[in-house]
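2 protein chains.
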Amino acid sequence: MSVLVVGSTALDSIATPNAKNPRLLGGSASHAGVAASFFSPVTVVGVVGDDFPQRYIQLYQKHGIDLTGLQRIPGKTFHWSGEYEIDMNNRRTLATELGVFADFSPKLPPACQKTPYVLLANIAPSLQAHVLDQMRRPKFVVADTMDLWLNIALADLLKLIRRVDALVLNDSEARQLTGDPNVISALGKIHKLGPRYVIVKKGEHGSILSGPSGLFVAPAYPLLKVVDPTGAGDSFVGGMMGYLASQKGSIEKNLRRGMVYGSVVASFCCAGFGLKHTTKVTRADIEKRFRQLEKITRF
Amino acid sequence: MSVLVVGSTALDSIATPNAKNPRLLGGSASHAGVAASFFSPVTVVGVVGDDFPQRYIQLYQKHGIDLTGLQRIPGKTFHWSGEYEIDMNNRRTLATELGVFADFSPKLPPACQKTPYVLLANIAPSLQAHVLDQMRRPKFVVADTMDLWLNIALADLLKLIRRVDALVLNDSEARQLTGDPNVISALGKIHKLGPRYVIVKKGEHGSILSGPSGLFVAPAYPLLKVVDPTGAGDSFVGGMMGYLASQKGSIEKNLRRGMVYGSVVASFCCAGFGLKHTTKVTRADIEKRFRQLEKITRF
Numbered sequence: 001m002s003v004l005v006v007g008s009t010a011l012d013s014i015a016t017p018n019a020k021n022p023r024l025l026g027g028s029a030s031h032a033g034v035a036a037s038f039f040s041p042v043t044v045v046g047v048v049g050d051d052f053p054q055r056y057i058q059l060y061q062k063h064g065i066d067l068t069g070l071q072r073i074p075g076k077t078f079h080w081s082g083e084y085e086i087d088m089n090n091r092r093t094l095a096t097e098l099g100v101f102a103d104f105s106p107k108l109p110p111a112c113q114k115t116p117y118v119l120l121a122n123i124a125p126s127l128q129a130h131v132l133d134q135m136r137r138p139k140f141v142v143a144d145t146m147d148l149w150l151n152i153a154l155a156d157l158l159k160l161i162r163r164v165d166a167l168v169l170n171d172s173e174a175r176q177l178t179g180d181p182n183v184i185s186a187l188g189k190i191h192k193l194g195p196r197y198v199i200v201k202k203g204e205h206g207s208i209l210s211g212p213s214g215l216f217v218a219p220a221y222p223l224l225k226v227v228d229p230t231g232a233g234d235s236f237v238g239g240m241m242g243y244l245a246s247q248k249g250s251i252e253k254n255l256r257r258g259m260v261y262g263s264v265v266a267s268f269c270c271a272g273f274g275l276k277h278t279t280k281v282t283r284a285d286i287e288k289r290f291r292q293l294e295k296i297t298r299f
Numbered sequence: 300m301s302v303l304v305v306g307s308t309a310l311d312s313i314a315t316p317n318a319k320n321p322r323l324l325g326g327s328a329s330h331a332g333v334a335a336s337f338f339s340p341v342t343v344v345g346v347v348g349d350d351f352p353q354r355y356i357q358l359y360q361k362h363g364i365d366l367t368g369l370q371r372i373p374g375k376t377f378h379w380s381g382e383y384e385i386d387m388n389n390r391r392t393l394a395t396e397l398g399v400f401a402d403f404s405p406k407l408p409p410a411c412q413k414t415p416y417v418l419l420a421n422i423a424p425s426l427q428a429h430v431l432d433q434m435r436r437p438k439f440v441v442a443d444t445m446d447l448w449l450n451i452a453l454a455d456l457l458k459l460i461r462r463v464d465a466l467v468l469n470d471s472e473a474r475q476l477t478g479d480p481n482v483i484s485a486l487g488k489i490h491k492l493g494p495r496y497v498i499v500k501k502g503e504h505g506s507i508l509s510g511p512s513g514l515f516v517a518p519a520y521p522l523l524k525v526v527d528p529t530g531a532g533d534s535f536v537g538g539m540m541g542y543l544a545s546q547k548g549s550i551e552k553n554l555r556r557g558m559v560y561g562s563v564v565a566s567f568c569c570a571g572f573g574l575k576h577t578t579k580v581t582r583a584d585i586e587k588r589f590r591q592l593e594k595i596t597r598f
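Here the protein sequences line up with chains X and L, keeping their order.
Here the first sequence stands for residues 1 to 299, numbered as in our numbering.
Here the second sequence stands for residues 300 to 598, numbered as in our numbering.
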């Protein structure tokens, strides 16, 4: 089955102590869409300006991504600029230029409205809700979010998460949302806000799922070198959704393996700037790391 | 087989936002010794003053711990006092009174010198080395340490770790020791300092082993409530060593399960102040949580 991914489609300028990389292909929908495309057909819904490089369109197409939901309009593409320290856990935003994203209102082509798997990748919760309004009885809806929306659009976010099957957020966001410093007890509080599944991302420490059959603790793939973690969380949730859409049987049955596949795609994301490494990966590379994760977690 | 545990035997005064607990049984050797005692015979080597409560001696004895290596001398028992914030990851030391520990020089009774499993729990590396000097061909030697010794006794620590089979330290200490912000690549650098096995403790995020057959990523037991994490790291390494000493076959074969048993005992440690909860636990309780960890990490 196929996955609809809505989120940001951006140009990212990323600096580290060792390198500067201007105007990379970025944004939550780009990372999540490419990640999902290793497993299932993907439609990306987003907006870009007339400065958006044609080679990035070709990169989406190389991954078989359906672009009928990608609006191209006059103006500048959303541009994010950030800088990492030597310890990649520390990053600061240098600039956020919304461009054509400022007035974005996702409008789904009729053919997309019946997509069974819906990934509301990280954008404003009001836009995520607007997409959900246009969907017809999706099978599984996942929303990702970030601290920005907890800070400036909490009411919208709370309204949205009542309507999704799964909420994905990172550990500091789970603490912020619930006011609970303990992530495990925070999970229970987030279920009370609506979602049947809650997934907390912990970066290099892996992720935790809470659902009807209890907890699952998923490993991160151990990386000797992190080049650029931008988009790793988006890759995680994209890979997970792509895998889920590719499998028969219940969500319950497939979600654990989906998270591990998500970890694998996220690990490839971290190995290059932007999508540079992810877009060179094959499904065989992914299977190899999946088997390594099986091996290094067995006891 | 049996485990020799050398480390601190202390009285801990621990405050949290909700409670004050003066003069609990504490110290690295107390936590590690009790943890190991669930699996194997244990000898604790340490020193206490004449103020050391008899009920704590009885508590050791209830756990079958051999105390022939525990010196009782005139003076005050080592006393540590600390305070936790609501977020238990933040703690500060209020007082450290060495007492009889200031002049401690562990002297092993002859019967202890052939103990096959040696756990050099957290104390000054010069004392850990002094114990090792007295051992006769131990089968497996593990050293635990802490940031204090990296700061004030680095040369001693580097000398010691060349002589041990396994070094256990937490993630921030691994970064400090190697100057490498990436824990995975830090592991390789620590191997070059001597130990065949390196185990990095990451608290609520579990632990990582690096050894001859590669990496192992071990889960932490997810806790809804942490009452007092003091001694959790000591309990982890103690439980691990106790399990190893109880098993036939190679270290290589048993170490992964040993770490998971260590995680389980550490989780019980966190559920009460000092050793209050750990000392109420049964082997059946431990097996139950071990099976839960198997279940919540399977994919």
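Positions of the beta carbon are idealized from the N, C-alpha and C atoms, including for glycine.
All values reported here derive from a predicted model rather than from experimental measurement.
How about L/Ala420 and L/Ser327: do their beta carbons lie closer than 8 Å? A contact, by the Cβ cut-off of 8 Å.
Starting from L/Asn317, find everything on chain X with Cβ-Cβ shorter than 7 Å and list it in chain order. Simply none; closest approach about 13 Å.
Scan the region 470-484 of chain L for residues whose Cβ lies nearer than 7 Å to a Cβ of chain C and list them as they occur along the chain. Of the chains in the structure shown, none is chain C; the protein chains are X and L.
Just by C-beta distance, which residues in the region 513-541 of chain L are closer than 9 Å to chain X? Taking 9 Å as the cut-off between beta carbons, the residues of the region 513-541 of chain L near chain X are Gly513, Leu514, Phe515, Val516, Ala517, Pro518, Ala519, Pro521, Leu522, Leu523, Lys524 and Val525, in sequence order.
Sort X/Val226, X/Ala143 and X/Thr96 by Cα distance to X/Ile161 and report the nearest one. For X/Ile161, the closest alpha carbon among the candidates X/Val226, X/Ala143 and X/Thr96 is that of X/Ala143.
Closer than 6 Å by C-beta to L/Asn553: which residues in its own chain qualify, once you throw out the five before and the five after it? Chain order, please. Excluding five sequence positions before and after L/Asn553, the CB atoms of its chain that fall closer than 6 Å to its own CB belong to Leu543 and Gln546, given in chain order.
Let me know the secondary structure DSSP gives L/Ala490 once reduced to three states. One point to set straight first is that residue 490 of chain L is His, not Ala, in the sequence displayed. In the structure shown, L/His490 falls within a helical segment according to DSSP collapsed to helix, strand and coil.
Mark L/Glu384 as exposed unless 16 or more other C-beta atoms lie within 10 angstroms of its C-beta, in which case mark it buried. It is exposed - the Cβ of L/Glu384 has fewer than 16 other Cβ atoms within 10 Å.
Grab the span of the alpha helix (DSSP H) containing L/Gly557 for me, first residue to last. First-last of the alpha helix (DSSP H) with L/Gly557: Ile550 to Cys568.
Complete beta strand (DSSP E) runs within the region 497-534 of chain L (minimum length 3 residues, chain order): For the region 497-534 of chain L, whole beta strand (DSSP E) runs of length 3 or above, ordered along the chain, are 506-510 and 513-517.
Closest residue to L/His576 among L/Ala583, L/Asp584, L/Arg582 and L/Phe567 (Cα-Cα distance): The option with the nearest alpha carbon to L/His576 is L/Phe567.
For L/Phe403, which of helix, strand or coil comes out of DSSP? In the displayed model, L/Phe403 falls within coil according to three-state DSSP, outside both helix and strand.
Within the chosen definition, does the region 345-360 of chain L reach the region 300-318 of chain L through at least 3 CB pairs nearer than 8 Å? Yes, the region 345-360 of chain L touches the region 300-318 of chain L.
Rounded C-alpha distance that separates X/Glu83 from X/Thr93: Cα to Cα, the separation comes out at about 6 Å.
X/Ala166 bridges to which residues according to DSSP? X/Ala166 is bridged to X/Val142 and X/Tyr197.
Three-state class that DSSP yields for L/His362 in the structure shown: Residue state, collapsed to three classes: coil.
According to DSSP, is L/Glu472 helix, strand or coil? Here L/Glu472 sits in helix by DSSP.
Where L/Lys345 falls: helix, strand or coil (DSSP): Here the sequence assigns Gly to residue 345 of chain L, which means Lys is not the residue at that position. Strand at L/Gly345.
When the cut-off is 8 Å and only beta carbons count, does X/His277 lie next to chain L? Chain L, which has no Cβ nearer than 8 Å to the Cβ of X/His277, makes this no.
Sheet register partners of L/Arg371 (DSSP bridge): Secondary-structure assignment with DSSP links L/Arg371 through a beta bridge to L/Val347.
Between the C-alpha atoms of X/Gln54 and L/Ser549, what's the straight-line distance to the nearest angstrom? X/Gln54 and L/Ser549 have their C-alpha atoms spaced approximately 58 Å apart.
What residues are listed by DSSP as bridge partners for L/Trp448? Residue pairing of L/Trp448 in beta bridges, as defined by DSSP: absent, with no partner found.
Should the region 143-154 of chain X be called in touch with the region 101-109 of chain X, which here means at least 3 C-beta pairs below 8 Å? The region 143-154 of chain X vs the region 101-109 of chain X: no contact.
Which residues in chain X have a C-beta closer than 7 Å to the C-beta of L/His504? List them in chain order. Scanning chain X for C-beta atoms nearer than 7 Å to the C-beta of L/His504 yields Lys202 and His205, reported in chain order.
Does X/Ile251 have its Cβ less than 8 Å from a Cβ in chain L? Judged by the 8 Å Cβ criterion, X/Ile251 is not in contact with chain L.
Are the beta-carbon atoms of L/Ile595 and X/Gly99 separated by less than 8 Å? It is not a contact, given that the beta carbons lie outside the stated cut-off.
Kindly indicate which three-state DSSP category L/Gly478 falls into: helix, strand or coil? DSSP places L/Gly478 in coil when its eight states are reduced to three.
Please confirm if L/Thr376 has its CB atom under 8 Å from at least one CB of chain X. L/Thr376 has a beta carbon lying at 8 Å or more from every beta carbon in chain X.
Does DSSP put L/Glu396 in a helix, a strand or coil? In the structure shown, L/Glu396 sits in a strand (DSSP, three-state: E or B).
Identify each residue in the region 258-277 of chain X for which the Cβ-Cβ distance to at least one residue of chain L is less than 8 Å, and report them in chain order. Result list: Met259 and Val260.
Hey, L/Ile325 and L/Gly573: beta-carbon distance below 8 Å or not? Correcting the residue identity first, residue 325 of chain L is Gly in this sequence and not Ile. Yes. Within cutoff.
X/Ile190 touches chain L at which residues, Cβ-Cβ below 8 Å? Within chain L, no C-beta atom comes nearer than 8 Å to that of X/Ile190; the closest sits roughly 14 Å away.
Run of the beta strand (DSSP E) containing L/Lys319, from where it starts to where it stops: Per DSSP, L/Lys319 belongs to the beta strand (DSSP E) from Ala318 to Gly325.
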